[in-house]
Amino acid sequence: MKRLIMGVSIIAILWAIGFMSFIGQLPAPASGPPGKSDGIVVYTGGPDRITAGMEIFSNGLGDRLLISGVHQDTSRERLATMWAGAPALFDCCVDLGREALTTEGNAAEVGAWLRDHDYKSLILVTSEYHMPRALVSTRARLPGAEITPYAVASGYLDSHGRPATFHAWGKLSGEYSKYLLAQLKALFSQFGN
Numbered sequence: 046m047k048r049l050i051m052g053v054s055i056i057a058i059l060w061a062i063g064f065m066s067f068i069g070q071l072p073a074p075a076s077g078p079p080g081k082s083d084g085i086v087v088y089t090g091g092p093d094r095i096t097a098g099m100e101i102f103s104n105g106l107g108d109r110l111l112i113s114g115v116h117q118d119t120s121r122e123r124l125a126t127m128w129a130g131a132p133a134l135f136d137c138c139v140d141l142g143r144e145a146l147t148t149e150g151n152a153a154e155v156g157a158w159l160r161d162h163d164y165k166s167l168i169l170v171t172s173e174y175h176m177p178r179a180l181v182s183t184r185a186r187l188p189g190a191e192i193t194p195y196a197v198a199s200g201y202l203d204s205h206g207r208p209a210t211f212h213a214w215g216k217l218s219g220e221y222s223k224y225l226l227a228q229l230k231a232l233f234s235q236f237g238n
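In structure tokens:
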């Protein structure tokens with residue numbers, strides 16, 4: 046029993062150290078436009094991500110925009126109300142992915158979209174706290190693609206980069222655990238190839 050308690054304590058300490066490191070290494074929200082890419086991809090999770098992706102797309106930084114993980118009940122017309130660019134550009138070149146329910150699903154959806162358009166590079170738009178896991182899952186699925194991260198502020202971090210509220214601590218700790226699982230899956234997928 047003593048060894049079990051000791052083992053659990055060591056795992057908890059290592060997890061806590063890793064969690065603090067994870068928080069300290071989260072990317073800052075993007076402060077300027079990224080370089081041009083073949084396409085722009087938004088992993089849904091809030092309107093701020095979508096509007097950020099739409100903004101950089103309307104500025105000509107990609108040939109097409111994919112919003113991945115759009116809820117089945119969210120209409121194209123509703124998303125068009127968030128669009129500030131030329132209506133014709135939204136109509137022709139904004140794609141809605143409705144299959145993804147998870148970050149891994151987003152990565153699979155993006156993989157199919159890149160192949161369909163013969164794209165080799167993308168700008169990935171998601172919240173700063175979600176970016177590490179999004180990159181791990183997407184790079185595991187698309188090892189040859191050039192991925193430029195474009196982080197959006199989530200409101201979970203204060204001006205010093207620390208969790209802003211008790212709720213934020215919970216959200217970020219859950220995200221860190223998911224990130225660890227994504228790292229393990231990516232590692233095992235390398236061995237499977």
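Residue 46 is where the sequence shown starts when you use my numbering, and the numbers rise one by one after that.
Note that CB positions come from ideal geometry on N, CA and C, so glycine has one too.
Is the region 51-58 touching the region 209-222, taking contact as three or more C-beta pairs under 8 Å? no
With a threshold of 7 Å, establish whether the CB of Ile-95 neighbours any heavy atom of the ligand SAM. Annotation note on the ligand SAM: not contained in the displayed structure, which lists no ligands.
Between which two residues does the alpha helix (DSSP H) carrying Ser-54 extend? 47-69
State yes or no: is the C-beta of Leu-167 within less than 8 Å of the C-beta of Val-87? no
In whole angstroms, give me the CA-to-CA distance for Leu-141 and His-116. 10 Å
If you drop the 5 nearest sequence neighbours on each side, which residues of the same chain put their C-beta closer than 7 Å to that of Met-127? Pro-92, Ile-95, Thr-96 and Met-99
Which value, in whole angstroms, describes the spacing of the CA atoms of Leu-146 and Val-197? 20 Å
Would you give the residue range spanned by the beta strand (DSSP E) that Leu-146 belongs to? Where Leu-146 is concerned, there is no enclosing beta strand (DSSP E), given that its DSSP letter is neither H nor E.
Out of curiosity, what's the CA-to-CA distance linking Pro-194 and Arg-48? 43 Å
Using the rule of at least 16 other Cβ atoms within 10 Å of the residue's Cβ for burial, across every protein chain shown, is Glu-154 buried or exposed? buried
Where DSSP assigns a beta bridge to Val-87, which residues make up the other side? Ile-112 and Val-170
Within 10 Å of its beta-carbon, does Asn-104 have 16 or more other beta-carbons around it, so buried, or fewer, so exposed? exposed
Going by alpha carbons, who is nearest to Leu-134 out of Leu-229, Ala-209, Phe-233 and Gly-107? Gly-107
Using a Cβ cut-off of 8 Å (strictly closer), state whether Pro-92 contacts chain B. Among the chains in the structure shown there is no chain B, since it carries only a single protein chain.
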